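Here the structure comes first, spelled out in structure tokens, and everything after it is commentary.
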Amino acid sequence: MTISRRLLVHSLLGLFLLPPPMASAQNFPAKPIKLIVPFPAGGPNDIIARVIGQRMSELAGQPILIDNRGGQGGVLGTDAVAKSAPDGYTIAISSAGALAISPSMEKVAYDTLADLTPVTLVATVPEMLVVPTNVPAKDIGELIALAKSQPGKLNFASSGPGSLPHLAGELFKLTAQIDIVHVPYRGAAPAVNDLLGQQVQMTFLDLPVLLPQIKAGALRPIAVGSMARAPTAPDVPTTKEAGFPDLRIENWYGMVAPKGTPKQIVTALHDLATKAMADSAVKEKLAQQGATLVGDEPEHFRKFIADETAKWAKVIKDAGVETAK
């Protein structure tokens, strides 16, 4: 056998003897993971990511580096993940707004299910319908009756156009067949301030944002949009209990990776995240934030995103919400 032929044979044998692609996943992660949070530090998304990321780091034996990239309601940070290398070392915990609502409201640089790989639904946080104490309604029936008696006179606050609280109010209008006026704010804090100042008459917001004011007696809870009553507000009925099963409104946060991330790496990330979520200390910390941990399979999360996208796209269309697309 000639030298050149022998070298060719050895080269071919080498190809066959290479370890399978999943071998690299067996040692994953071999270096720090960047976890993008597409909102500023201190908010619900950031708190959830930091608590889970810390436990993931302990389990993996590698740092989980939180990278806050706020802007455009979560869109900018989510887009950064979509444009990252698909190696599992840049991921995000993003929100319902960036993953399921914004693509129907405005031009975004990514297609959620085409450009991102779902890993797991991390947590849900119920939206609470509240009114200031000068509004005489004590339950959702009385609030609807009040709105119908004054069409176009009552306002609902939101944390911004196209936000989940905005679309929650639009869904409330459609479901209850009432005429209330949207007043957008630049975030939840100024919306709550004007609610306390009795400048607006109602809002849907994440329960943790409202809970301090509810406990202080400054805001009156009307209903919670989750399927079950919130452990942190057990006396407040669900919208389903109040007779409006279609008025289910929960914010949610999910882990995503770039498109093309190998399945074995996605599985490794999923396993790390769900093990972290199963930790009793993690559950307790996030329960205090009003969050219910989920930890589903990637394909279930993919379907969940698709269903949520369709749901809110229909609300946007049916309510005639102005979009920037």
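Each step along the sequence shown adds one to the number in my numbering, with nothing skipped, and position 92 is 139. Where is the CB? At the ideal position from N, CA and C, for every residue including glycine. Bear in mind the structure is a predicted one, so any value in this text is a computation, not a measurement.
Residue range 91-107 is occupied by the alpha helix (DSSP H) that includes Asp93. Going by beta carbons, Val172 and Gly337 fall inside the 7 Å limit. The C-alpha of Ala88 is placed about 22 Å away from the C-alpha of Gln260.
The Cβ-Cβ distance between Pro79 and Leu106 does not fall below 7 Å. Apart from the 5 residues on each side of it in sequence, Ile191 sits with its Cβ closer than 7 Å to the Cβ of Ala223, Ile225 in its chain, given in chain order. With distances taken between CA atoms, Ile363 lies nearest to Ser149 out of Asp253, Ser131, Ser149. One alpha carbon belongs to Asp186, the other to Thr285, and they sit about 11 Å apart.
As summarised for the stretch 294-345, the continuous beta strand (DSSP E) elements at least 3 residues long and confined to that stretch are 297-305, given in chain order. In the DSSP annotation of this structure, the continuous segment of the alpha helix (DSSP H) that includes Val122 starts and ends at 122-129. Proximity to Ala129 across Val230, Val341, Pro305, Gln335 peaks at Pro305, based on C-alpha coordinates. In the DSSP annotation of this structure, the continuous segment of the alpha helix (DSSP H) that includes Phe219 starts and ends at 211-223.
Ala328 has its alpha-carbon roughly 22 Å from the corresponding atom of Val166.
Secondary structure note for Thr167: its beta strand (DSSP E) is the uninterrupted segment 163-179. Burial state of Gln248 is buried, judged by a 10 Å Cβ sphere holding 16 or more other Cβ atoms. Contact between the stretch 139-148 and the stretch 288-300 is present: 3 or more CB-CB pairs across the two stretches fall below 8 Å. Secondary structure at Asn240: helix, using DSSP grouped into helix, strand and coil. Counting along the chain, Val84 sits inside no alpha helix (DSSP H); it lies in the beta strand (DSSP E) bounded by residues 80-84. Beta-bridge analysis with DSSP links Phe251 to Leu176.
Where Ile191 is concerned, the enclosing alpha helix (DSSP H) starts and stops at 187-196. Closest by C-alpha distance to Lys350, out of Thr164, Tyr157, Ile227, is Thr164.
Under the DSSP definition of a beta bridge, Phe203 partners with His229, Met249. Per DSSP, the beta bridge partners of Thr285 are Val271. For Pro133, there is no enclosing alpha helix (DSSP H), as DSSP gives it neither H nor E. Closest in C-alpha terms to Asp158, from the list Ala127, Ala184, Glu174, comes Ala127. Proximity of the stretch 192-204 to the stretch 302-322 falls short of the contact definition, fewer than three beta-carbon pairs being nearer than 8 Å. The beta-bridge partner set that DSSP reports for Ile111 consists of Ile80. The beta carbon of Asp365 sits closer than 7 Å to the beta carbons of Leu221 from its chain, once the five residues preceding and following it are set aside; these are given in chain order.
Assigned with DSSP and collapsed to three states, Ala143 falls in helix. Excluding five sequence positions before and after Met152, the CB atoms of its chain that fall closer than 8 Å to its own CB belong to Pro208, Gly209, Ile363, Val368, Thr370, Ala371, Lys372, given in chain order. When DSSP states are grouped into helix, strand and coil, Glu369 belongs to the coil group. Asn240 and Thr356 have their C-alpha atoms spaced approximately 30 Å apart.
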